[in-house]
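Residue numbers (our numbering), protein chains in the order written: chain C, 1 to 472; chain Y, 1001 to 1472. To keep things clear, I will list the structure first and then write my remarks on it.
Structure (structure tokens):
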């Protein structure tokens, strides 16, 4: 299938690296405009949240929002075969949506400055709309989110991207959101908390730590700039021009990897076969159990924590906000410790850039195994990594600076997680090096990762990394 | 992506319509060679099967094979919002595999003559291998299935197709099988129960009732003959030649619809969006309950049946066989009454053949909604259809003979179902007619159905119909 006008407009937007001075001023001003305070609470001071009897977990009395439940996991996969953990249950499909318009010949994305209680820096850049089903039905009595009608009223816009995508399978039980990008037909009424940005500008912001939030990144990961070979010059020169811009080095390699005219090292049929094998082989049985029966976890007055100091803990917070739908509320959050790490190894194989994917088996996965990045692991309270670490971990921890194509710290969803950050890295391996692979790893081109993403088979850690790839 | 040599070899095999005289003689001989007797039993005479306490259902004492469990369903989808039913639980991924080889320049498929207790005619044509995990581990003490090593030993063959595909979501709880087609590297040791056939020969057999079994059809549905436009003549003549054969009429339309160079009425992004909407909108909660608590179902000494006489019943049988892995066994089966119906409406839109898909929401679906055929409904004890019938039912029941592109009765899995047959139909609507569509219906090309099949999003009723499409 050829690249259509939508993908062309994404490509041009990804090359439109306009100045960010106006954005910077606006973002600083927004941060100052919104009073926002978060403080930890004992569980007993949570309002409308309570520990349900049995396996109901920590839940809101309306039955809405989400619950923190106890999960018992048994698997034949990986070094640990049986464990207990808390997990977030939120069995509804929300909308994460970005409204776009072509203005002055370039597609622009309407981004929102949004506070979330779990963000280390409070304010981050989010999609135009971040709406749970509770938002539509206004369970907490708040306002209907700004611009939601553009996504739910089909006359108002054309849909460019609309895919169901998962969240962290180690933290959420089968959670999926609808990731949407729309083209708005008419003018969009301005609002102080919103700002138009090109894809290239967003990519520039993604090079900094903790500005673009997780919900924005997962939607942007679906904004493929997939190219067809007819838009690329013949041969393999060291640089070529697209839309008046000269692309060279890694940016050129990225665009070639996004072309779907050549299959890459493996065909898509091979990759589907690999994933079938991974799904067939891994068995994972899960059952919900009462939180107080979780083995290895201790509940104090204000925390449910693992006795090892690893993983995460469950805490309660009170939020006072001026810009949210309601002025004050309390809620549980999953607290994380030092940074985790998620990274892709990349390598030019047969002249074309490939990324090393791993079959990721997590208890909350919608299907058994998803396509994940080369490495993904959580931090611990004392900052140490698990021992022995997963394959290829050292290649990220000890990467030579010249091989690092991307490295920044990004926050995970601040509405559910407290200070959950991961360092995201892309590290390139020289083409000459032979990398021996365990059989749950496989090389893919970006076009293939993109195709698997479209069908909901790529996990959020891998999609986060895809969102950070920049052509400028 | 261009059609590779594998798809080319499938295309040529689909055009190689060789005589079937040798097959007919072999198949008749196999039917005579195998004594096979099935008789109904009271549940109390089942050996090693028993009604477990609680929600365990009717189960084998080994814990293997499958269980017939009680299911309680609540949904916001469709005319009936709440019901109980028995359902088959078999939470393991089996292999359905066909071995192929290119002999005399044409790819040939190794098919097996196989008896199943639920088949109306006992003997049908099955894949080379039909293996549950119980087969590998030989729970019932039988032999390892013939040729299984070709599929599990990766040195012995190259994998051409390897996809996880679902079974009936109204009868199985999240059941999936690995559908495989392999290219065998060396000679294949002959065995009396096996016969080599071209795709065209299999398609010819599919025009008759109840010869090619469900397991063979689901694998064949993955054997795409997807073409690229470079193999098709330019323009739109009334006929063209492929591999020395002149294609015209419906066969030509099929091949054009299989070309993935043009998107069709909707782009793949549009179709993914439609399916995202269907999955977001439908809610379906299921819980297993004890069989004796199923509302509307009555258990007698030899049957669990619905009081309406509709749907199906659970029975027990004893099997005595000469060709199976063991000589005699007992098991439960789901008994069906008169034929059900599954059909696609087809229409040329913009010169290209499209098929009318419906979002199918079933309690046992792995995901919420799959891509189903235009109509799919079960028969009843008295042969009547449900009233009111689903949209478009009348177009099949009252189809003018000149519009019927395919019509035959095929059996569903005879190892689980007793006399479960469906009439499969393709009915073509004139290009000039405007068909108003409810929003859970959408037109797709064959190339798009094929792509969605690859990622496990097309249900078994729709795949059965795809398997029956013939170019000869």
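For each residue, glycine too, the CB sits at the ideal point set by N, CA and C. This one's a predicted model, so the numbers in the text were calculated from it and none came from an experiment.
**OP:** Using a Cβ-Cβ cut-off of less than 8 angstroms, list which residues of the segment 1151–1173 of chain Y approach chain C; keep chain order.
**Re:** Cβ contacts with chain C: 1159, 1160, 1161, 1162, 1163 and 1164.
Original post:
Does any C-beta atom of chain Y lie closer than 8 angstroms to the C-beta of residue 455 of chain C?
Top reply: Closer than 8 angstroms: yes.
**OP:** Could you have a look at residue 1028 of chain Y and say whether DSSP puts it in helix, strand or coil?
**Re:** Reduced to three states, the DSSP call for residue 1028 of chain Y is helix.
Original post:
Looking only at DSSP bridge pairs, what is residue 410 of chain C linked to?
Top reply: C:422.
Subject >> Members of the segment 1104–1115 of chain Y near chain C, C-beta cut-off 7 angstroms >> reply: Cβ proximity to chain C below 7 angstroms picks out nothing from the segment 1104–1115 of chain Y.
Original post:
Are residue 1264 of chain Y and residue 1457 of chain Y close, meaning C-beta to C-beta below 8 angstroms?
Top reply: Not in contact: residue 1264 of chain Y and residue 1457 of chain Y (Cβ atoms no closer than 8 angstroms).
Original post:
Would a check of beta-carbon distances place residue 495 of chain C closer than 8 angstroms to chain Y?
Top reply: Only positions 1 to 472 of chain C appear in this structure, which leaves residue 495 of chain C out of reach.
Original post:
Whose CA, out of C:58, C:24, C:90 and C:153, lies closest to the CA of residue 113 of chain C?
Top reply: Of the candidates C:58, C:24, C:90 and C:153, the residue whose Cα lies closest to the Cα of residue 113 of chain C is C:24.
Original post:
At least one CB of chain Y closer than 8 angstroms to the CB of residue 98 of chain C: is that the case?
Top reply: No, residue 98 of chain C lies away from the interface with chain Y (no Cβ there is under 8 angstroms from its Cβ).
**OP:** Round the Cβ separation of residue 344 of chain C and residue 391 of chain C to the nearest angstrom and send it over; I've been treating them as touching at under 8 angstroms.
**Re:** Distance from residue 344 of chain C to residue 391 of chain C at the Cβ level is roughly 13 angstroms; contact not present, criterion being Cβ atoms closer than 8 angstroms.
**OP:** With a threshold of 16 other CB atoms inside 10 Å of the CB of residue 185 of chain C, please say whether the residue is buried or exposed.
**Re:** It is exposed - the Cβ of residue 185 of chain C has fewer than 16 other Cβ atoms within 10 Å.
Original post:
What residues in the segment 264–280 of chain C have a beta carbon less than 9 angstroms from any beta carbon of chain Y?
Top reply: Listed in sequence order: 267, 268, 269, 270, 272, 273, 274, 275, 276, 277, 279 and 280.
Subject >> Partner residues on chain Y for residue 286 of chain C, Cβ-Cβ distance less than 9 angstroms >> reply: By Cβ distance, chain Y contributes nothing, its closest Cβ being about 12 angstroms from residue 286 of chain C, past 9 angstroms.
Original post:
Hey, would you say residue 471 of chain C sits closer than 8 angstroms to residue 254 of chain C, going by beta carbons?
Top reply: Against a cut-off of 8 angstroms, the Cβ pair of residue 254 of chain C and residue 471 of chain C comes out as a contact.
**OP:** Use the C-beta contact count for residue 1030 of chain Y: other C-beta atoms within 10 angstroms, 16 or more gives buried, fewer gives exposed.
**Re:** With a 10 Å radius around the Cβ and a threshold of 16 neighbouring Cβ atoms, residue 1030 of chain Y comes out buried.
Original post:
Closer than 8 angstroms, CB to CB, is residue 1349 of chain Y near chain C or not?
Top reply: Contact with chain C is absent for residue 1349 of chain Y, since none of that chain's Cβ atoms lies less than 8 angstroms from the residue's Cβ.
**OP:** Could you confirm whether any beta carbon from chain Y is found closer than 8 angstroms to the beta carbon of residue 460 of chain C?
**Re:** Answer no: the Cβ-Cβ gap between residue 460 of chain C and chain Y never drops below 8 angstroms.
Subject >> Between the CA atoms of residue 1431 of chain Y and residue 1349 of chain Y - distance to the nearest angstrom >> reply: Separation of residue 1349 of chain Y and residue 1431 of chain Y (C-alpha to C-alpha, rounded to the nearest whole angstrom) is 6 angstroms.
Original post:
Does the beta carbon of residue 1182 of chain Y sit closer than 8 angstroms to a beta carbon anywhere in chain A?
Top reply: The chain labelled as chain A is not found among the protein chains of the depicted structure, namely C and Y.
**OP:** Return no unless some Cβ of chain Y is closer than 8 angstroms to the Cβ of residue 211 of chain C.
**Re:** For residue 211 of chain C, the closest Cβ of chain Y is not nearer than 8 angstroms.
Original post:
Name the chain C residues whose beta carbon is nearer than 8 angstroms to that of residue 1093 of chain Y?
Top reply: Chain C residues near residue 1093 of chain Y: 279 and 280.
Subject >> Length of the line joining the Cα atoms of residue 484 of chain C and residue 364 of chain C >> reply: Residue coverage of chain C in this structure runs from 1 to 472, which leaves residue 484 of chain C outside it and unanswerable.
Original post:
Is residue 12 of chain C helix, strand or coil when you go by DSSP?
Top reply: Three-state DSSP puts residue 12 of chain C in a helix.
Original post:
Does the distance from the CB of residue 1201 of chain Y to the CB of residue 1394 of chain Y come in under 8 angstroms?
Top reply: Going by C-beta atoms, residue 1201 of chain Y is not nearer than 8 angstroms to residue 1394 of chain Y.
**OP:** Go to residue 354 of chain C, then tell me how far its beta strand (DSSP E) extends in each direction, as first and last residue.
**Re:** Start and end: 352–361.
**OP:** Report the option in C:353, C:219 and C:166 whose CA atom is closest to the CA atom of residue 176 of chain C.
**Re:** Among C:353, C:219 and C:166, the Cα nearest to that of residue 176 of chain C belongs to C:166.
**OP:** Please state if the CB of residue 328 of chain C and the CB of residue 383 of chain C are separated by a distance shorter than 8 angstroms.
**Re:** In this structure, residue 383 of chain C keeps its C-beta atom at 8 angstroms or more from the C-beta atom of residue 328 of chain C.
Subject >> Which listed residue (Y:1082, Y:1129 and Y:1028) has its alpha carbon closest to that of residue 1284 of chain Y >> reply: The shortest Cα separation from residue 1284 of chain Y among Y:1082, Y:1129 and Y:1028 belongs to Y:1082.
Original post:
Out of curiosity, what's the CA-to-CA distance linking residue 420 of chain C and residue 217 of chain C?
Top reply: About 15 angstroms.
Original post:
Are the Cβ atoms of residue 160 of chain C and residue 182 of chain C separated by less than 8 angstroms?
Top reply: Yes, the pair counts as a contact, with Cβ atoms nearer than the cut-off.
Original post:
Using 8 angstroms as the Cβ pair cut-off and three pairs as the minimum, do the segment 1396–1411 of chain Y and the segment 1087–1101 of chain Y touch?
Top reply: Result no; under three Cβ-Cβ pairs closer than 8 angstroms.
Original post:
For the 8 angstroms Cβ check, are there 3 or more pairs between the segment 1033–1042 of chain Y and the segment 1309–1324 of chain Y?
Top reply: Yes, since at least three Cβ pairs between the segment 1033–1042 of chain Y and the segment 1309–1324 of chain Y fall closer than 8 angstroms, the two stretches touch.
Original post:
Using CA coordinates, which residue listed in C:107, C:151 and C:9 is at the minimum distance from residue 128 of chain C?
Top reply: For the set C:107, C:151 and C:9, the Cα lying nearest the Cα of residue 128 of chain C is the one of C:151.
Original post:
Bridge partners of residue 1093 of chain Y, per DSSP?
Top reply: According to DSSP, residue 1093 of chain Y bridges with nothing at all.
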